[in-house]
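Asks: Just dropping this structure here.
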RNA sequence: GGGGGCGUGGUGAAGUCUGGAGUUCACGCCGGCCUGUCAAGCCGGAGGUCGCGGGUUCAAAUCCCGUCGCUCCCGCCA
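Residue numbers (this note's numbering): 184 to 783.
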């Protein structure tokens with residue numbers, strides 16, 4: 184057996200002075216003074232300074248001249264205290280150094296395609312193409328460790344609470360509802376396809392029927408939709424479900440998970456209990472179902488103030504059932520042009536218009552619409568918005584969802600969290616069964632297995648019916664959602680019907696599942712937490728790619744491996760699949776697409 | 001499907017608005033000097049088809065059109 188090392192360099196301290204050690208790692212930096220030379224040796228534990236002195240180790244000194252950045256090396260030497268005046272208080276290993284006796288090159292390295300230096304943020308495609316080098320950087324290595332710590336903390340809470348880890352299939356049947364499925368063709372059944380799971384939803388419910396009672400899984404999930412900074416086609420969730428459980432049980436467990444994770448990664452305790460807010464309250468105060476409550480700037484209801492306004496826009500809006508909402512965005516130092524841009528932005532977001540006012544030093548209000556408003560309306564506005572001189576007030580008159588939606592978006596654009604490392608967890612509860620779709624109609628807000636508070640209410644008052652579902656929000660990001668599930672097959676059938684899924688459709692797609700519900704299904708509830716988003720926020724990263732070891736680009740490509748790639752005709756033949764001629768024509772037109780290699 | 005931004009030696013940027021010699025800065029690389037540095041220092045050097053294609057012009061990194069790649073956002077994500 185070859186011994187590569189007896190210690191990890193980053194763990195050496197003053198206590199180790201005098202010890203003979205063998206270390207192995209990478210050359211993070213080399214400082215060659217012609218005679219004595221220094222190497223910053225990096226391994227998974229950190230960095231320690233290696234000293235090579237030609238008087239003490241002439242052969243090693245020769246080897247050192249050949250070293251370049253990121254060579255993989257092994258050194259044997261003695262730990263010693265650094266001479267007075269040369270200690271480095273910036274490094275945890277800064278009091279000591281290792282005097283080299285033997286220096287071996289385990290593996291040479293080519294000149295790097297980019298510098299592993301946090302001073303430079305190299306082009307991301309290049310970083311992804313050489314991800315194995317990118318991951319050597321401190322920031323990336325720290326993100327990998329944080330991700331591991333998050334999952335470790337999650338497992339700890341789940342195991343402590345008696346949850347059973349169960350793996351569910353990743354080759355499942357496709358259901359056309361919801362997001363697009365990632366499809367996998369079947370060779371044994373040509374022309375048929377598996378889908379990669381969007382979530383283990385139905386399998387975990389089957390586990391409840393199976394009597395598992397407490398289930399969890401660190402589950403890879405797939406949704407074939409367009410990418411965002413917080414969305415990749417494959418992502419990881421902590422998926423959990425429990426029987427004889429209700430919303431309170433789930434939220435209590437989620438709180439323990441959040442607390443455990445933050446303690447593990449940040450070393451601090453979050454305030455408990457995690458605050459709760461109803462969906463309606465969140466929409467009214469923040470214009471979104473995932474409010475960032477790290478800063479105030481809440482939306483104000485101005486209906487009473489402008490109830491009998493003579494300003495045509497307000498009066499007409501009121502008459503048509505609309506509402507007037509305002510937002511005090513503080514002193515933004517906006518110019519006329521700046522306000523004009525906000526007005527354009529509001530219109531892009533769907534508002535009919537946006538009115539702005541600035542409170543002058545003497546308390547008067549400057550605004551293009553000031554002349555249409557009575558003086559008591561203006562003073563009432565200033566007091567309702569708790570406006571100080573210099574503050575800018577934005578007002579939208581529209582239907583409720585447009586008004587709060589537009590102001591909620593402007594709030595996010597103009598507001599600033601007080602401290603960037605704050606963590607504000609929040610539960611949003613009492614979601615509606617249906618939400619307002621872009622076309623003005625109603626669309627199901629959740630998957631069809633979510634229990635309504637009252638089925639009849641769902642049928643008779645779809646616009647106000649509430650479901651037993653809940654979200655967890657952190658710093659304005661949706662971390663996950665869950666619900667109490669339907670465990671009664673009769674209720675499930677009715678819900679399908681109300682959602683517009685015909686009995687035939689329901690039977691064809693979910694018959695196997697509905698049948699399972701008929702064998703003594705316990706009441707159950709569950710949740711899924713997005714691991715990537717959680718880690719990204721904890722690490723102050725702007726997107727989830729930074730906390731995924733091998734993520735894909737926005738167009739779903741992996742610059743390192745070349746995935747997705749074409750496959751040869753023989754493979755397609757076996758699958759009973761043919762690529763359409765017009766698609767092949769586009770292949771030859773574009774030369775940047777990956778082509779399968781001749782070998783293999 | 002739509003809107004915005006970016007693409008300049010190996011890396012990161014400035015230059016582009018207002019066309020005038022591939023100009024500049026930092027890092028890296030190569031060579032030399034240097035025995036206490038720690039983002040070592042000093043001296044010297046090499047290295048670019050300004051993403052790609054077309055157009056305008058006496059002249060294009062710069063203006064126009066197209067295209068490719070990346071990215072942010074909207075749609076989408078039950």
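For glycine and all other residues, C-beta sits at the position ideal for the given N, C-alpha and C.
On the criterion of 16 or more Cβ atoms from any shown chain inside 10 Å, does residue 596 qualify as buried, or is it exposed?
Replies: Looking at its Cβ environment, which holds fewer than 16 other Cβ atoms inside 10 Å, residue 596 is exposed.
Asks: Please classify residue 268: does DSSP put it in a helix, a strand, or coil?
Replies: Residue state, collapsed to three classes: coil.
Asks: Taking only runs that begin and end inside the region 700–746, name each unbroken beta strand (DSSP E) of 3 or more residues, in chain order.
Replies: Qualifying beta strand (DSSP E) stretches, in chain order: 707–713.
Asks: Please name the residue in 480, 536, 541 and 498 whose C-alpha comes closest to that of residue 516.
Replies: Nearest of 480, 536, 541 and 498 to residue 516, Cα basis: 541.
Asks: With burial defined as no fewer than 16 other Cβ atoms inside 10 Å of the residue's Cβ, what is the status of residue 184: buried or exposed?
Replies: Burial call: exposed.
Asks: How about residue 150 and residue 295: do their beta carbons lie closer than 8 Å?
Replies: The requested residue 150 does not occur in the structure, where the chain is confined to residues 184 to 783.
Asks: Could you tell me the alpha carbon to alpha carbon distance between residue 708 and residue 700, rounded to whole angstroms?
Replies: The alpha-carbon atoms of residue 708 and residue 700 are separated by roughly 14 Å.
Asks: Using a Cβ distance threshold of 8 Å, determine whether the region 266–279 contacts the region 308–317, with at least three qualifying pairs required.
Replies: These segments do not touch.
Asks: In terms of DSSP beta bridges, what is residue 666 paired with?
Replies: According to DSSP, which records beta bridges pairwise, residue 666 is partnered with 652 and 709.
Asks: Could you check if residue 614 is buried or exposed, using at least 16 other CB atoms within 10 Å of its CB as the buried criterion?
Replies: By the 10 Å Cβ count, residue 614 comes out buried.
Asks: If residue 590 and residue 508 are in contact, beta carbons under 8 Å, what's the gap, nearest whole angstrom?
Replies: Yes, they are in contact, since the Cβ atoms of residue 590 and residue 508 sit about 6 Å apart, within 8 Å.
Asks: Counting beta carbon pairs with one atom in the region 748–760 and one in the region 355–362, are three or more of them shorter than 8 Å?
Replies: Touching, no, given that fewer than three Cβ pairs across the two stretches are closer than 8 Å.
Asks: Can you list, in chain order, the stretches of the alpha helix (DSSP H) that have 4 or more residues and sit fully within the region 231–314?
Replies: As far as the region 231–314 is concerned, its whole alpha helix (DSSP H) runs of at least 4 residues are 241–249 and 307–312.
Asks: Hey, quick one: how far does the beta strand (DSSP E) through residue 213 stretch, first residue to last?
Replies: 203–215 is the extent of the beta strand (DSSP E) around residue 213.
Asks: On a CA-only basis, which of 538, 751, 726 and 704 is nearest residue 393? Give me that one, please.
Replies: Nearest C-alpha to residue 393: 704.
Asks: Around the C-beta of residue 770, are 16 or more other C-beta atoms found within 10 angstroms, so that it is buried, or is it exposed?
Replies: Exposed is the call here.
Asks: In the DSSP assignment, what are the bridge partners of residue 685?
Replies: Answer is none; residue 685 lacks a bridge partner.
Asks: Let me know the beta strand (DSSP E) ranges lying completely inside the region 349–384, each 3 residues or longer, listed in chain order.
Replies: List check, beta strand (DSSP E) in window: 365–368 and 376–379.
Asks: Starting from the Cα of residue 475, find the closest Cα among 397, 642 and 606 and give me that residue.
Replies: The candidate whose alpha carbon is nearest that of residue 475 is 606.
Asks: Cα-Cα, which of 670, 245 and 208 is closest to residue 252?
Replies: The shortest Cα separation from residue 252 among 670, 245 and 208 belongs to 208.
Asks: If you compare alpha carbons, which of 217, 225, 210 and 670 is closest to residue 191?
Replies: Of the listed residues, the one whose Cα sits closest to residue 191 is 225.
Asks: Is it buried or exposed for residue 523, if we count other Cβ within 10 angstroms and need 16 for buried?
Replies: Answer is exposed; the Cβ neighbour count stays below 16.
Asks: So, does the region 709–718 touch the region 418–430, judging by three or more C-beta pairs under 8 Å?
Replies: In short, these stretches touch, since the Cβ pair count reaches three.
Asks: With H, G and I counted as helix, E and B as strand and the rest as coil, what does DSSP make of residue 647?
Replies: If DSSP states are grouped into helix, strand and coil, residue 647 belongs with coil.
Asks: Let me know the alpha helix (DSSP H) ranges lying completely inside the region 468–521, each 4 residues or longer, listed in chain order.
Replies: Taking only runs of at least 4 residues, the alpha helix (DSSP H) segments lying wholly in the region 468–521 are 495–502.
Asks: Within 10 Å of its beta-carbon, does residue 764 have 16 or more other beta-carbons around it, so buried, or fewer, so exposed?
Replies: By the 10 Å Cβ count, residue 764 comes out exposed.
Asks: Does the contact criterion of 3 or more C-beta pairs under 8 Å hold for the region 636–654 versus the region 479–499?
Replies: Output reads no: the region 479–499 does not touch the region 636–654.
Asks: At which residues does the alpha helix (DSSP H) containing residue 340 begin and terminate?
Replies: It spans 321–343 - the alpha helix (DSSP H) in which residue 340 sits, taken as one unbroken run.
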